[in-house]
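Visitor:
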Amino acid sequence: MPEGAPDLGTMNVVVCVKQIPDPADPGALDPTTKTLKRDGKLILDESDSYGVEMALQLVAAAGGGEVSLVSMAPNNEVSGIRTALAMGAASAILVSDPALKGTDALGTAKVLAAAIARKSPDLVIAATESSDGYTGTVPAQIAEILGLPSVTFAKSVAIEGGVAKVQRQTEAGYDEVECPLPALVSVTAGVVEPRYPSFKGIMAAKSKPVDMLTVADLGIDAGRVGWAGGGQEIVDIVAAPARQAGEKFEDDGTAHERIIAFLENLKIL
Ligand SMILES: Cc1cc2nc3c(=O)[nH]c(=O)nc-3n(C[C@H](O)[C@H](O)[C@H](O)COP(=O)(O)OP(=O)(O)OC[C@H]3O[C@@H](n4cnc5c(N)ncnc54)[C@H](O)[C@@H]3O)c2cc1C
958 MPEGAPDLGT MNVVVCVKQI PDPADPGALD PTTKTLKRDG KLILDESDSY GVEMALQLVA
1018 AAGGGEVSLV SMAPNNEVSG IRTALAMGAA SAILVSDPAL KGTDALGTAK VLAAAIARKS
1078 PDLVIAATES SDGYTGTVPA QIAEILGLPS VTFAKSVAIE GGVAKVQRQT EAGYDEVECP
1138 LPALVSVTAG VVEPRYPSFK GIMAAKSKPV DMLTVADLGI DAGRVGWAGG GQEIVDIVAA
1198 PARQAGEKFE DDGTAHERII AFLENLKIL
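In terms of our numbering, the sequence shown is numbered consecutively and its last residue is 1226.
1. Taking 7 angstroms as the cut-off, is the CB of R954 close to at least one heavy atom of ligand 1?
2. When you compare only the Cα positions, how much space is there between G1180 and I1225?
3. Taking only the alpha-carbon atoms, compute the straight-line gap between A1202 and D979 and give it to the nearest angstrom.
4. Which residues in the same chain as M958 place their Cβ atom closer than 6 angstroms to its Cβ, once the five residues preceding and following it in sequence are excluded?
5. Hey, is D1136 close to ligand 1, as in C-beta under 7 angstroms from one of its heavy atoms?
6. Within the present structure, is the beta-carbon of D946 separated from the nearest heavy atom of ligand 1 by less than 7 angstroms?
7. When you compare the CB positions of L1015 and V974, do they come within less than 8 angstroms of one another, or not?
8. Is the beta carbon of M1011 within less than 7 angstroms of some heavy atom of ligand 1?
9. Could you work out which residue in I1102, E1128, E1101, G1104 is closest to L1111 when comparing CA atoms only?
10. Sort V1035, L1013, T1109 by Cα distance to A1049 and report the nearest one.
11. Which same chain residues, not among the five before or five after L986, have their C-beta less than 8 angstroms away from its C-beta?
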């Protein structure tokens, strides 16, 4: 085991869980701020359900420890957090503060990093990218702020002797990557199959602790986050282009070859 590595008879994992507008009820953009309206009910981003499941499995494999959650969301929203607690996480920190309106990805990372630091975890898990904003930059920024090794695009994670062993998805296959703990790993969809919360889990989640914090509670100057602290500005928003029609292959006896070439080009074969 590397010097200074945690004793992994127990394993404490923090999972970043983003709460997003329900994709089944497409949200609207605020025309003034050009950001997504988030004033309705928010749900657990499906991308993060994989991280919660991965964390629960790693803690079970270690034989002890705890999964806790951190989330930053407006209006003291906890609906998505409760879903992750119902899956089996033990507790959560929610950072919610009107001063966070307009916070960009780096500001989000600063807030989440400050909340994560309170837990001193052995491992931090996030999704590779969220389903609504998806800059895909928050996990690596958190790792940099906390001075942790960052392993991204994990399709498989195992912990052995204080070392994270990760299969890192690449275009052509995967790399095998190892790093000492504590570390931050961002996981892809499909890393594990998320469990459905049981009725017992849903009832238990209602009484699990959720620590509600403001930026001041985290010792963050409100001028470093929100519109005031943003290093980015959304200058324009445009509708996504309509999907192009697909390519049709008429079978003249060579269609199978063209389909194989097409799939090879996409690196599916
Ligand atoms: C100028 C500007 C202003 C903005 N103003 C607002 C605003 O007012 N309100 C608003 O809601 N958004 C706002 N946004 C968008 C917001 O900054 C991003 O949605 C947010 O920073 C997360 O980035 P992402 O979704 O790209 O994360 P990604 O990097 O794609 O997320 C990867 C993973 O990081 C973790 N993660 C990311 N965000 C969170 C979170 N909030 N809580 C817990 N885990 C998380 C999750 O595990 C997630 O799957 C603004 C963006 C800009 C550029």
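Where is the CB? At the ideal position from N, CA and C, for every residue including glycine.
Guide: By the coordinates alone:
1. Because the chain spans 958 through 1226 in this model, residue 954 falls outside it and cannot be assessed.
2. 47 angstroms
3. 28 angstroms
4. Annotation note: pLDDT 49 at M958 (below 50); position unreliable, coordinate value reported separately. Excluding positions up to five away in sequence, the list reads G1118, G1119.
5. Looking at the sequence provided, one finds Cys at residue 1136 rather than Asp. No; taking the cut-off as 7 angstroms, the Cβ of C1136 has no heavy atom of ligand 1 nearer than that.
6. Because the chain is modelled from 958 through 1226, residue 946 falls outside the range shown and cannot be assessed.
7. no
8. no
9. Per the sequence shown, the amino acid found at residue 1111 is Ala instead of Leu. Among I1102, E1128, E1101, G1104, the Cα nearest to that of A1111 belongs to E1128.
10. V1035
11. T992, L993, K994, I1194
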